[in-house]
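Counting in our numbering, the sequence shown runs from 7 upward without gaps. All C-beta atoms, glycine included, are put in the ideal place defined by N, C-alpha and C. Please read these numbers as outputs of a predicted model, since none were measured by experiment. Accompanying notes for the structure given below.
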Amino acid sequence: MKPLITRYRLPVTLQMSNTKQSFGINKKEKVKSRILIDQLFKKGNSKVFFPFRIVWTFTSLPHPVPIQFAVSVPKRKYPRAVDRIRFKRQMREVYRLNKHLLTDNIPANQEEQLAVMFLFISNTPVPYKAMDKQMKKALKFLKKQYKITPNQEEN
Numbered sequence: 007m008k009p010l011i012t013r014y015r016l017p018v019t020l021q022m023s024n025t026k027q028s029f030g031i032n033k034k035e036k037v038k039s040r041i042l043i044d045q046l047f048k049k050g051n052s053k054v055f056f057p058f059r060i061v062w063t064f065t066s067l068p069h070p071v072p073i074q075f076a077v078s079v080p081k082r083k084y085p086r087a088v089d090r091i092r093f094k095r096q097m098r099e100v101y102r103l104n105k106h107l108l109t110d111n112i113p114a115n116q117e118e119q120l121a122v123m124f125l126f127i128s129n130t131p132v133p134y135k136a137m138d139k140q141m142k143k144a145l146k147f148l149k150k151q152y153k154i155t156p157n158q159e160e161n
């Protein structure tokens, strides 16, 4: 009998030495609050890792997770919803597979947590491998920013 294939992805865990690593994305890890999104664009820092522009800020989040993220594709550059949805899906997938670069060794309950938004800024479609490479660079950069305490960042 063939296994039943569903369209819903279950969180995948890999056993690596003595640590258990989850590649799933929890609902609590997503930025949903309009207030938080506005705060990201008003007070946040930004940097471009083409085809992404990342906007981040250190703030207190409503859930005890170290990082919350969101993805966005501009309607002006991609008027067809099919294209926007495809790029958003690819961005979430690349983040899901590489988020361990950012979240390893970060305690969940801290005073200041990180809120990040990934914006797709390319005018043309970008191959998945290029997205993956740039996402890794962006997450390593954010890891360095996270090591700097939020008080040092303001100075």
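Judged by beta-carbon spacing, L107 lies within the 8 Å limit of K149, meaning their Cβ atoms are closer than that value. Segment contact: the stretch 86-93 against the stretch 43-56, fewer than three CB-CB distances shorter than 8 Å; contact not assigned. Residue nearest to K153 within the set P80, I127 and L120 is L120 (criterion: CA-CA distance).
In this structure Y101 is buried. Its beta-carbon is surrounded by 16 or more other beta-carbon atoms within 10 angstroms. In the DSSP assignment, N104 falls within the unbroken alpha helix (DSSP H) covering A87 to N104.
A residue is called buried once 16 or more other Cβ atoms fall within 10 Å of its Cβ, and V122 is buried on that count. Bridge partners of Q74 according to DSSP: A121. Sequence-distant partners of I112 (beyond 5 residues in either direction) whose C-beta falls short of 7 Å from its own C-beta, in its chain, are P72 and Y152.
Judged by DSSP in its simplified three-state form, R40 adopts helix. Nearest to L125 by C-alpha distance, out of G30, R59, L103 and P70, is R59. Counting only the Cα atoms, S66 lies some 13 Å from K49. Judged by beta-carbon spacing, V77 lies within the 8 Å limit of R98, meaning their Cβ atoms are closer than that value.
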